[in-house]
Amino acid sequence: MSKPIIAPSLLSANFLNLREDIDKINSSEADWLHVDIMDGVFVPNISFGFPVLKQMADLTTKPLDVHLMIVQPEKFIKEIKELGTMMMNVHYETCTHLHRVVQQIKDAGMKAGVTLNPATPVVMLKDIITELDMVLLMSVNPGFGGQKFIPQTLNKLKELRELIDETGSHALIEVDGGVNLETGKLLVEGGADALVAGNAVFKAPDMVQMISQLKNL
Ligand code: DX5
Ligand code: ZN
Numbered sequence: 003m004s005k006p007i008i009a010p011s012l013l014s015a016n017f018l019n020l021r022e023d024i025d026k027i028n029s030s031e032a033d034w035l036h037v038d039i040m041d042g043v044f045v046p047n048i049s050f051g052f053p054v055l056k057q058m059a060d061l062t063t064k065p066l067d068v069h070l071m072i073v074q075p076e077k078f079i080k081e082i083k084e085l086g087t088m089m090m091n092v093h094y095e096t097c098t099h100l101h102r103v104v105q106q107i108k109d110a111g112m113k114a115g116v117t118l119n120p121a122t123p124v125v126m127l128k129d130i131i132t133e134l135d136m137v138l139l140m141s142v143n144p145g146f147g148g149q150k151f152i153p154q155t156l157n158k159l160k161e162l163r164e165l166i167d168e169t170g171s172h173a174l175i176e177v178d179g180g181v182n183l184e185t186g187k188l189l190v191e192g193g194a195d196a197l198v199a200g201n202a203v204f205k206a207p208d209m210v211q212m213i214s215q216l217k218n219l
């Protein structure tokens, strides 16, 4: 089993000390920085907008894994790219023309990820899986950090692993929500490539050490 990609989620950072928290992530074994953008429409919460995102993007040395919890995410492809984003994740539930949006993200020079809500079955991606760079499985209902991991995600992970292996897709599998040392271990054993962790990292007494523990599950 190879080591998982670890993507701390900035949503749980201390916004009064953002520089300090980002510096700690920079000095850690984290692979990516996960950034949650919410619009108060698709999800019942609002996170941060572009003025904050630009400053944050200047500080981080880690590739940006941007998770858009907004309706019509295709409207912001240019702005997301300008942040220096490596991976742009859009929700399946927000894209009527998902195939087109995925192409637009790739044409803009980013990797394309598609996110599934807990109630959206893996089979919905059957006809697009070979086009994707990543599938992001939500293991909580999106909108907030600090929620409890939904165990059914482990069954979805198994199905997704099978779909990817059967089709020869190169898509990575990332899981987001309620990931800690315990659930993280189950996910890595189940074939997850990347783990997002918000509270588990930012509320830990030693963030850098927690990231290292997740990396070496
Ligand atoms: C939730 C976000 C997550 C969140 C995870 O909608 O997509 O990235 O920050 O937080 P934890 O790890 O605390 O569940
Ligand atoms: Zn997220």
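So the mapping is simple: the numbering used here equals the position in the sequence shown, first residue as 1, plus 2.
We put the beta carbon where it would ideally sit given N, CA and C, even for glycine.
For residue i, the first and last residue of its enclosing alpha helix (DSSP H)
| i | result |
| --- | --- |
| Ile152 | Taken as a continuous stretch (DSSP letters only), Ile152 belongs to no alpha helix (DSSP H), as it is neither H nor E. |
| Leu35 | Leu35 -> not in any alpha helix (DSSP H); beta strand (DSSP E) instead, spanning Leu35 to Met40. |
| His101 | Leu100 to Asp109 |
| Asn80 | The residue you asked about is not Asn; residue 80 is Lys in the sequence shown. Where Lys80 is concerned, the enclosing alpha helix (DSSP H) stretches over Ile79 to Glu84. |
| Glu184 | Leu183 to Glu191 |
Cβ-Cβ distance between residue i and residue j below 8 Å
| i | j | result |
| --- | --- | --- |
| Asp135 | Gly115 | yes |
| Glu79 | Ala196 | Looking at the sequence shown, residue 79 is not Glu but Ile. No, the pair does not count as a contact, with Cβ atoms beyond the cut-off. |
| Leu70 | Ile39 | yes |
| Gly192 | Lys160 | yes |
| Thr122 | Ser171 | no |
Cβ neighbours of residue i in the same chain (closer than 6 Å, five flanking residues each side left out)
| i | result |
| --- | --- |
| Ile82 | Val68 and Met90 |
| Gly148 | Asn201 |
Closest by C-alpha distance to residue i, when choosing among the options
| i | options | result |
| --- | --- | --- |
| Thr117 | Asp41, Asn28, Ile72 and Leu189 | Ile72 |
| Ile152 | Arg163, Met140 and Lys160 | Met140 |
| Phe204 | Met3, Ala15 and Lys108 | Ala15 |
| Leu66 | Lys77, Asp41, Met40 and Lys113 | Lys113 |
| His93 | Glu76, Ala9 and Gln149 | Glu76 |
| Lys187 | Gln215, His172, Thr169 and Gly200 | Gln215 |
| Asp178 | Glu164, Met88, Arg102 and Ala199 | Ala199 |
Extent of the continuous beta strand (DSSP E) to which residue i belongs
| i | result |
| --- | --- |
| Pro10 | Ile7 to Pro10 |
| Val198 | Ala196 to Ala199 |
Close beta carbons around residue i, own chain, < 8 Å, minus the five adjacent residues each side
| i | result |
| --- | --- |
| Lys64 | Ile27, Asn28, Ala32, Asp33, Trp34 and Leu35 |
| Arg102 | Glu76 |
| Met88 | Trp34, Pro65, Leu66, Asp67, Met112 and Lys113 |
7 Å Cβ shell around residue i - same chain, five flanking residues per side excluded
| i | result |
| --- | --- |
| Ala206 | Met212 |
| Arg21 | Leu61 |
### Query
Would you call the stretch 130-149 and the stretch 42-49 in contact, with 3 or more CB pairs under 8 Å?
yes
### Query
Given 8 Å as the limit, is there contact between the stretch 51-64 and the stretch 151-171, that is, 3 or more CB pairs closer than that?
no
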